[in-house]
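Enquirer: Numbering-wise (UniProt numbering), the sequence shown opens with residue 1 and increments by one.
For each residue, glycine too, the CB sits at the ideal point set by N, CA and C.
If you scroll down you'll find the structure; I have some questions about it.
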Amino acid sequence: YLYSMETGEYYFLELNPRLQVEHPVTEWIAEVNLPAAQVAVGMGIPLWQVPEIRRFYGMDNGGGCDIWRKTAALATPFNFDEVDSQWPKGHCVAVRITSEDPDDGFKPTGGKVKEISFKSKPNVWAYFSVKSGGGIHEFADSQFGHVFAYGVSRSAAI
C-alpha cells in the first residue's frame, strides 16, 4: 500500500490473500513476526493477545519467560481504532534476484547457476530457491532470490 503523509490517506496497489514474499520488509520495520501472527490468528487467538502486536500498539504484554502464555492470561483487550501504533523503526530495502539476459534486452532466461555465495549479517538477510550447481528452468519464474537490508536510515539500508 501507499500512505500519504500529507493527507493521512492509504492507497492499496493490490490485495492478496497470502503472505507476500517481501514480508520481511514489514517485519523488520514493525518488529512483528507476520507468519507467527497469522498462525496465532488461525488458532483463534485474537490479535490483541499477540505479544508483538501489543508491543506495536504500545500495550503492555505481561512480561515473563513464557510471553505468549502470560499475554493470554494477563492481557487486557484494547480497541485498535483508539490507540496509535508505533512509528516504523528504520528502513528496509528488498532486492529481487532474477535470471536475465543482458544481451537480449534483459529478458528472463534459464540456465545453470555456477555459484551462489552469500553470508547473512545481522542487518542483511537473503534466501535463494536454487543453490550453486543448480539451474533455472527456461519455463520457470526467473526470480530465484531476495536480499533484504535494514538500516536506521534509507542510505544505511541501501
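Is it right to say S117 is buried, meaning 16 or more other beta carbons lie within 10 angstroms of its own, or is it exposed?
Expert: As a first step, residue 117 is located in the sequence shown; it is residue number 117 there, counting from the start. Classification for S117: exposed.
Enquirer: If you reduce the DSSP assignment to three classes, tell me which class L2 lands in.
Expert: Indexing the sequence shown from 1 puts residue 2 at position 2. Of the three classes helix, strand and coil, the one that applies to L2 here is strand, per DSSP.
Enquirer: Tell me the DSSP secondary structure of F12 in three-state form.
Expert: Residue mapping note: residue 12 aligns to position 12 of the sequence shown, counting from 1. F12: coil per DSSP, three-state reduction.
Enquirer: Quick check: what's the CA-CA separation for V32 versus I53?
Expert: What you label residue 32 is simply residue 32 of the sequence shown in a count that begins at 1. What you label residue 53 is simply residue 53 of the sequence shown in a count that begins at 1. Their backbone Cα atoms lie some 7 Å apart in a straight line.
Enquirer: Looking at S142: is its Cβ nearer than 9 Å to the Cβ of T98?
Expert: The residue given as residue 142 occupies position 142 in the sequence shown. The residue given as residue 98 occupies position 98 in the sequence shown. Result yes, Cβ atoms of S142 and T98 sit closer than 9 Å.
Enquirer: Where does H91 sit, in a helix, a strand or coil, going by DSSP?
Expert: As a working note, residue 91 is residue 91 in the sequence shown. Residue state, collapsed to three classes: strand.
Enquirer: Who are the near neighbours of G111 in its chain, counting only those whose CB is closer than 7 Å to its CB and skipping five residues on each side?
Expert: Here residue 111 is taken as the residue at index 111 of the sequence shown, counted from 1. Answer for G111: S99, G135, I136, listed in chain order.
Enquirer: List the endpoints of the continuous beta strand (DSSP E) containing G145.
Expert: For the purposes of this step, residue 145 is taken as the residue at position 145 of the sequence shown. Note, G145: beta strand (DSSP E), 143-151.
Enquirer: Should W28 be labelled buried (16 or more other beta-carbon atoms within 10 Å of its own) or exposed?
Expert: If you number the sequence shown from 1, residue 28 lands on position 28. Buried, because 16 or more other Cβ atoms sit within 10 Å of the Cβ of W28.
Enquirer: Measuring CA to CA, which of Y11, P88, Q38, T26 is closest to P17?
Expert: Sequence index remark: in the sequence shown, residue 17 carries index 17 (1-based). Among Y11, P88, Q38, T26, the Cα nearest to that of P17 belongs to Q38.
Enquirer: Find the nearest neighbour of P77 within the set V113, E14, Q49, judged by alpha-carbon distance.
Expert: Here the question's residue 77 lines up with position 77 in the sequence shown. Per the Cα distances, Q49.
Enquirer: Within its chain, find whatever has a CB closer than 7 Å to the CB of D101; leave out the 5 residues flanking it on each side and keep chain order.
Expert: Translated into the one-based positions of the sequence shown, residue 101 becomes position 101. Correct list, in chain order: K107, T109.
Enquirer: Strictly by DSSP, which residues pair up with G111?
Expert: As a first step, residue 111 must be located in the sequence shown, where it is residue number 111. G111 is bridged to I136.
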